[in-house]
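Line by line, the protein sequences give chains A and B.
Quick note on numbering: the first sequence equals residues 1 to 79 in the working numbering.
Quick note on numbering: the second sequence equals residues 80 to 1068 in the working numbering.
Cβ coordinates follow ideal geometry from the N, Cα and C atoms, glycine included.
In this text the structure is predicted, and so the values were computed from the model without any measurement.
The structure under discussion appears below in the form of structure tokens.
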Amino acid sequence: MTRWEEYLRERVAPRVRADGGWLDYDGEEGRTLRLTAKGECARCAALDRCLKWVADGAEKRTGVRPELSVTREPFLWRK
Amino acid sequence: MAHVKVIRRSMLPDEWTAVRVRWLRAMMIGRSAEITSWTVQEGRQTGDDTYEMDDEAPRPLRRGDEYFTPDGTAFLRAEAVLPPEFRGEKEVRLRLATAAEMLVRVNGRLTGGIDPNRDTLVLPPAEDGRYLFEIEGYNRSKPDDDRNEDAIRLKGCRQVFQGGFFVTLNEDAAELYWDANLFLNILRGGAFDEDYTALVSDRLYHALSLVDYESRTGLKEAREYLRRELYENRRYRGAGGVALVAHSHLDIAYYWRRHHAVQKNARTCLIQLELMDRYPALRYTHTQAYLFETLEKYYPELFERVREKVKTGQFEPAGGMYVESDCNLPGAESLIRQFLYGQLYFRSRFGRACTNCWLPDVFGNSAVLPQILKKSGIEYFVSNKMSTWNDTNRFPHNSFLWRGLDGSEVYACVPPTHFITAALPTEIMENWNAYQDKDSGIDTLCMYGYGDGGSGVTEEMMKTVERLGRVSALPEIRVTGGEEYLKQSFTPDKKLAVWDGELYLEMHRGTFTTKADLKKNNRRLELLLRDAELISALRWLRGSEYPARELRAAWKTLLINQFHDILPGSHIRPVYEDAMADYAKIGADCAALLGPGGAPWNTLPFAREGFAFLPDPAGEELHCGERGSFLRGEMPALSPVRPAPARTDAWLRTEKTQAGLLVDTGCLRVLVTEDGSFASVKDAGGREYVRGAFNVLRLFRDVPGNYDAWDILPTYRETELPLTVRAPLRPEKADGETAVFLCELATEKSVFTRRIRFFRGQRFVETDYTVSWREDHVLAKAEFECNVRAPYALCDLGAGFLPRETNRNTGWQQARFEVCHHKWVDLSETGGGVAVVNNGRYGVGIQDNRLSLSLLRATCRPDLLSDRGEHTFGYLTVFHDGGAVEAGINRLALEYNTPLRRCELPAVRWPDTGSLFLQSLKQSEDGRSVILRLTEQDGRRGELKLPFPARLLTLTEDEAGETDTLAYGPFEIVTAALTPEQARAWLFG
């Protein structure tokens, strides 16, 4: 598990889920961190603010700021 | 020339009116001075009053900064001095616009709340104008229910700080706004007649034209014009009467975890208290003893203020229950405990118990409830759900008598409209128009106040309510409390219709099945708690200490998790995780109370016949995911078991045929196909029980829409999904008592391992499942098409049973395509039938000759992982002579759900109580008596002779008489108190 993945899974995901949202770690490549936004996050108009918070936290934890690549899964849909 | 559709771009007069009302709203703020000393420290709530902080220290917070995080709590602080220009103002407020929920302390005192529904609070006077603001804010997050459009633009887990300000109100603008907003609502709502609406349209337009929005003049003139032209116009007369009751619905968990309800409740209570001081007419109805408990524990100062307002009659504790429980799934004893612990709390803290059960949002109500209400001191039942959410039939009454399974009757009020309103004229008019019992002489009930996550009445609502009496076109308005309304309205002289049976909600049918783990554990723990309490009471009679505190704590934890958005499964992931942790703790606590040793013990009040399961980690049987062994032998009521030696002689014959494996147990000849379904089942007399697909596992596409976790659509059978046989039926094990055959069915993602278990000498077969469930939006059902012609099936309700029709004649039967049952469902004709006995499933479909037991769902809102994972469960299919009662299906179901326990106690001399089930044996809440609760289970009447006179009690353990003969009617719950000496002599000799 990479440090970004650990951060996503252990710090971000539980908190987002407690607001009905869902952010899945989908992998990383170089400085790009791929996420999928599901649940309430998938239709949230203010998601960008949360993503900035995610990037801030990742940088604080790892010293490297990720560029986030986020896919929104259609609401009420599971692939 | 082609027709070109012209899109109107100019503004209509009413739209111009609406724009100007918004301007008035903006004009309500008079003076404004920004407070610039805010700091924020962010964190996350981890318990009722514990937090983990993200920030080591507070940081400055400026307008435009981002604050709050997902599931975050933010602590804001500011010290500020009131600017000189505010000195001498009659009233100064703090203004802070947010979508979060904030509890505000001013100069050390809890002063008010700010949330999406209100952005100001009135400040207390401060010496030298110095203020210290300390705010605890929780990030509100209910995404599907933003009733206040002002809050929508602010929402998000990460918000932008809009600044905090000292402000004053421009009273003239405010008063005109509240007038104008009321009439705008009439104008736009469509609930009033055309002429009156036209009058309002014209007069409001002209009134707003009297205002100069630049100079802010003409406000008084506009108000005077509205007074003269609309308030004093009595030519339009409304009819009827509407009682307004302030209430705030508060989900203990839903899109938030349980510990967040502590703050939500405190904020809600604080807001109402503050409003009561300023609006003495406000009377507010608040429910759930658990919430009062948390207020008392964590906000004692606030609790004392509530108590003071309870004394004045402004704050009304209501509902009687510990929490607003689901009323389909919990067993009868759980519902009883909701009232026992709820009413005892209300009585101890406020001097009296409640007389009403207040459940605005519960997803249907079991027919066992009226008796429990009646015997818990509850005369009135209130629930909005059936009138506002039914998807097929209009529930035909709003004010009526509700008759339960045993014939008990309570007054019932099902208000015609939603339990969350703003008391706006249109909402009131809609309520009256929809009211179906206008001729009863009872006013209709309209609740007002924001809710779901609390919040309650706003100042704007109070301003509206104050004006309603002056709107002649409205029905007569009565502002009252819940109890006063019910007591004054529902009186014996009223001729009311009777609704006999369950209050079935024609919606949310998926909640009988969603989150199967919760259902399974709830069932298991209800019975485990019964046994732990029973054995503890028996030990107490023999000299041990009774663990009253531990048992009460375990019960209360179970009751909290029966809240109507927890046990039904309609919540976010962390709520599920909290519930499962609670269940694990209850299980461990009960195990500790029972103790590790002793002989296998039958805790049921009747002799077990056949087999009983004894959990044992070293046992050879894997039964519904649990190791143990099946015991047979002498298993008298409430006694140690004397196991019989295992038999080794042959009892089972099998024969492979083209159609499947023919299994002959001597009692049944079952033709089992490769997927574990039964092509034929015949008893020893040759009677065939199967007509069609039987014990067939089916998967259906299950996409109900926004209310994903809640609903199953009537069309769910349209798309059936394929299942393949991954491993066909094969023998797994057989001995002298049981034989197990195993097969595996699979989809691309999920695997069902089915163990078909036969028992020697028994007319039932168990299907035992281990499932790896990885589907999305799929409903799994086990279906049984029986060779039975019956107009109705009987469904166990936990304390009695209810017939449900098998036809689809009318909308009423069509709507009941999925219903709630407890341990068993039975389809019988004269002479015989089929029962399906489960160990933790509640949803069942019944149509013609088919029983369709819901096993698993895979919903994705609000919890994307709902139900995904491993599951173990089982059911018996019982092929019997006679009907369900003659065949003893209920006893079998109790046996199936209650494993043997281990206990050192000797045999209890328990009399034959026939169809009376010993529901509870416990120490009384005052610690002085033994409580014996019996429930009639078969629909019989009779008498049980006691060897001495015993005190009869209500369910809240109040005196209700004395007798040495317990006379009971069908499905009656009887509670008696014995002295320990009596009980010892009677039960142990």
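From which residue to which residue does the alpha helix (DSSP H) around residue i run?
i	result
B/Tyr217	Counting along the chain, B/Tyr217 falls outside any alpha helix (DSSP H), though it belongs to the beta strand (DSSP E) covering Arg209 to Tyr217.
B/Cys669	Arg652 to Leu673
B/Leu182	From DSSP, B/Leu182 is part of no alpha helix (DSSP H) but of the beta strand (DSSP E) over Glu180 to Val185.
A/Cys50	Leu47 to Thr62
B/Arg428	Ala411 to Phe429
B/Lys299	Leu298 to Leu305
B/Gly268	Glu250 to Gly268
B/Val100	Pro92 to Met106
B/Met526	Note, B/Met526: premise wrong, no alpha helix (DSSP H); beta strand (DSSP E) at Thr523 to Tyr527.
B/Phe1067	Pro1059 to Phe1067
B/Asp274	Glu273 to Ser288
A/Trp4	Arg3 to Tyr7
B/Trp789	Neither: B/Trp789 is in no alpha helix (DSSP H) and is coded neither H nor E.
B/Pro379	Pro379 to Thr391
Residues of chain A with CB under 7 Å from residue i, in chain order?
i	result
B/Lys343	Within chain A, no residue comes near B/Lys343; the closest Cβ sits about 14 Å away, beyond 7 Å.
B/Arg237	Ala46, Arg49, Cys50 and Trp53
B/Arg123	Arg15
B/Arg652	Arg17
Could you list which residues in chain A have their beta carbon closer than 8 Å to that of residue i, in chain order?
i	result
B/Glu145	Arg49, Lys52 and Trp53
B/Asn218	Asp19
B/Tyr334	Asp19 and Gly20
In terms of residues, what are the limits of the beta strand (DSSP E) holding residue i?
i	result
B/Gln351	Element bounds for B/Gln351: not the beta strand (DSSP E) but the alpha helix (DSSP H), Arg337 to Arg357.
B/His326	Gly320 to His326
B/Glu823	Thr817 to Ala825
B/Ser708	Glu705 to Glu713
B/Gln120	Thr118 to Gln124
B/Asp762	Phe757 to Asp762
B/Leu1013	Val1009 to Glu1015
B/Arg57	This structure gives no information on residue 57 of chain B, because the portion of chain B shown stretches from 80 to 1068.
B/Phe958	Gly948 to Asp960
B/Pro1026	Gly1021 to Leu1032
How close, in whole Å, do the beta carbons of residue i and residue j come, if the pair is a contact with beta carbons under 8 Å?
i	j	result
A/Ala46	B/Arg237	6 Å
B/Lys542	B/Trp257	4 Å
B/Pro684	B/Leu717	6 Å
B/Gly815	B/Thr744	Contact doesn't hold; Cβ gap of about 12 Å is too wide.
B/Leu693	B/Leu979	4 Å
B/Phe498	B/Asn444	Rounded, the Cβ-Cβ distance is 15 Å, inconsistent with contact.
B/Val913	B/Leu932	Going by Cβ atoms, the distance from B/Val913 to B/Leu932 rounds to 12 Å, so no, they are not a contact pair.
Give the interface partners of residue i over in chain A, defined as CB-CB distance under 9 Å, in chain order.
i	result
B/Asp150	Pro14, Arg15, Val16, Arg17, Ala18 and Asp19
B/Lys234	Cys44, Ala45 and Ala46
B/Pro941	Gly20, Gly39 and Glu40
B/Met386	At residue 386 of chain B the sequence reads Arg, which differs from the Met that was named. Those do not exist, as B/Arg386 stays about 33 Å from chain A at its closest Cβ, beyond 9 Å.
List, in chain order, every chain B residue whose beta-carbon is nearer than 8 Å to that of residue i.
i	result
A/Lys76	It should be noted that the sequence gives Leu, not Lys, for residue 76 of chain A. Within chain B, the residues near A/Leu76 are Val782, Gly784, Asn785, Asp787, Cys939 and Arg940.
If distances are taken between C-alpha atoms only, which option among the options comes closest to residue i?
i	options	result
B/Lys599	B/Tyr1047, B/Leu995, B/Arg1012 and B/Gly953	B/Gly953
B/Glu168	B/Leu606, B/Glu458 and B/Gly109	B/Gly109
B/Leu140	B/Met132, B/Glu700 and B/Val119	B/Val119
A/Val89	B/Ser116, B/Arg88 and B/Pro149	Because chain A here runs from 1 to 79, residue 89 of chain A falls outside it and cannot be looked at.
B/Gly1068	B/Arg166, B/Arg732, B/Pro990 and B/Ala397	B/Pro990
B/Leu1025	B/Thr1044, B/Glu1036 and B/Leu637	B/Thr1044
A/Arg9	A/Lys52, A/Gly57, A/Glu40 and A/Asp48	A/Gly57
The stretch 875-883 of chain B / the stretch 1011-1022 of chain B touching (three or more Cβ pairs under 8 Å): yes
With a cut-off of 8 Å, do at least 3 Cβ pairs link the stretch 605-617 of chain B to the stretch 475-483 of chain B? no
Taking three-plus beta-carbon pairs below 8 Å as touching, is the stretch 463-472 of chain B in contact with the stretch 578-594 of chain B? yes
Are three or more beta carbon pairs between the stretch 806-813 of chain B and the stretch 899-908 of chain B nearer than 8 Å? no
For the 8 Å Cβ check, are there 3 or more pairs between the stretch 883-901 of chain B and the stretch 856-874 of chain B? yes
Does the stretch 972-984 of chain B come within contact of the stretch 663-683 of chain B, defined as at least 3 CB pairs closer than 8 Å? yes
Does the stretch 826-833 of chain B come close enough to the stretch 909-919 of chain B to have 3 or more Cβ pairs within less than 8 Å? no
Within the chosen definition, does the stretch 415-423 of chain B reach the stretch 852-859 of chain B through at least 3 CB pairs nearer than 8 Å? no
Sufficient close CB pairs (3 or more, under 8 Å) joining the stretch 197-204 of chain B to the stretch 283-298 of chain B: no
Quick one: any contact between the stretch 789-803 of chain B and the stretch 722-737 of chain B, if contact means 3 or more CB pairs under 8 Å? no
Taking three-plus beta-carbon pairs below 8 Å as touching, is the stretch 891-902 of chain B in contact with the stretch 951-965 of chain B? no
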